[in-house]
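Visitor: Quick one: this structure, given as structure tokens, is what I'll be asking you about.
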Amino acid sequence: MMSGDGLRPVARTAVEDDLAELVRLDRVARDHLSPLRGGELHLLWSTRPEPPDGTLRADLDDPDRCVLVGCLGTAVVGYAVASLVPLRDGTSVAEVGELFVETPARGVGVGEALMQQLLSWATARGCIGIDARALPGDRATKNFFESFGLVARAISVHRDLRDAGAR
Numbered sequence: 287m288m289s290g291d292g293l294r295p296v297a298r299t300a301v302e303d304d305l306a307e308l309v310r311l312d313r314v315a316r317d318h319l320s321p322l323r324g325g326e327l328h329l330l331w332s333t334r335p336e337p338p339d340g341t342l343r344a345d346l347d348d349p350d351r352c353v354l355v356g357c358l359g360t361a362v363v364g365y366a367v368a369s370l371v372p373l374r375d376g377t378s379v380a381e382v383g384e385l386f387v388e389t390p391a392r393g394v395g396v397g398e399a400l401m402q403q404l405l406s407w408a409t410a411r412g413c414i415g416i417d418a419r420a421l422p423g424d425r426a427t428k429n430f431f432e433s434f435g436l437v438a439r440a441i442s443v444h445r446d447l448r449d450a451g452a453r
């Protein structure tokens, strides 16, 4: 029951009963990111600590965070987490920290439904913008975000100093 069954994709606010699926998807997302260029450092730097259930539960209760699940029928096949980031002038930006859809459920609108809900949440909260990240070389994610009007405003660069040839 994934991409070819004709079910309409839906994004909804996650609830406590979704916690097991959120934890499962967090682990699948980590496995997906790990082999990508920049994935190893991203996981060390940006992902929630293990085990993820405690911080996911806290996110569900945090009024400054939006936790969504993306569904095909009753099957949870994706999730997204965004948070409010206050800026120096008193405004805020919504930061999409996590947005993931299982591979077999991609291309049918689940990610789009999640992103539309995030945009609605950010707008309702008075955010002046929304930020998200794509790993280098992950053209599909970059194109996905660009389809919602997100464009690069900074490029983060890194050099791994663990190799023997570090200068």
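Take the sequence shown: its letter number 15 is residue 301 in our numbering, and every next letter is one higher.
Note that the Cβ used here is the ideal one computed from N, Cα and C, for glycine as well.
In terms of alpha-carbon separation, which member of 321, 439 and 374 lies closest to residue 424?
Guide: 321
Visitor: If residue 307 sits next to residue 387, beta carbons under 8 Å apart, how far is it from one beta carbon to the other, in whole angstroms?
Guide: In fact, because the Cβ distance is near 13 Å, the residues do not count as touching under 8 Å.
Visitor: With respect to the alpha helix (DSSP H) encompassing residue 430, which residues constitute its N-terminal and C-terminal limits?
Guide: 425 to 432
Visitor: Closer than 6 Å by C-beta to residue 312: which residues in its own chain qualify, once you throw out the five before and the five after it? Chain order, please.
Guide: Taken in chain order, the residues that qualify are 338.
Visitor: In this structure, what does DSSP give as the bridge partners for residue 356?
Guide: 297 and 364
Visitor: Hey, does residue 332 have any beta-carbon neighbour from chain C nearer than 7 Å?
Guide: Within the model displayed, chain C is absent; a lone protein chain is all it includes.
Visitor: Helix, strand or coil for residue 369? Go by DSSP, reduced to three states.
Guide: strand
Visitor: Out of curiosity, what's the CA-to-CA distance linking residue 380 and residue 370?
Guide: Using only the alpha carbons, I get a separation of about 5 Å.
Visitor: Which same chain residues end up closer than 7 Å to residue 341 when comparing Cβ atoms and leaving out the 5 residues on each side of it in sequence?
Guide: 334 and 335
Visitor: Do you know offhand how far residue 354's Cα is from residue 441's?
Guide: 27 Å
Visitor: Buried or exposed: residue 364, going by 16 or more other Cβ atoms within 10 Å of its Cβ?
Guide: Only buried fits residue 364, as 16 or more other CB atoms lie within 10 angstroms of its CB.
Visitor: According to DSSP, which residues form a beta bridge with residue 380?
Guide: 370 and 416
Visitor: Relative to the C-alpha of residue 314, which residue among 324, 390 and 418 is closest?
Guide: 390
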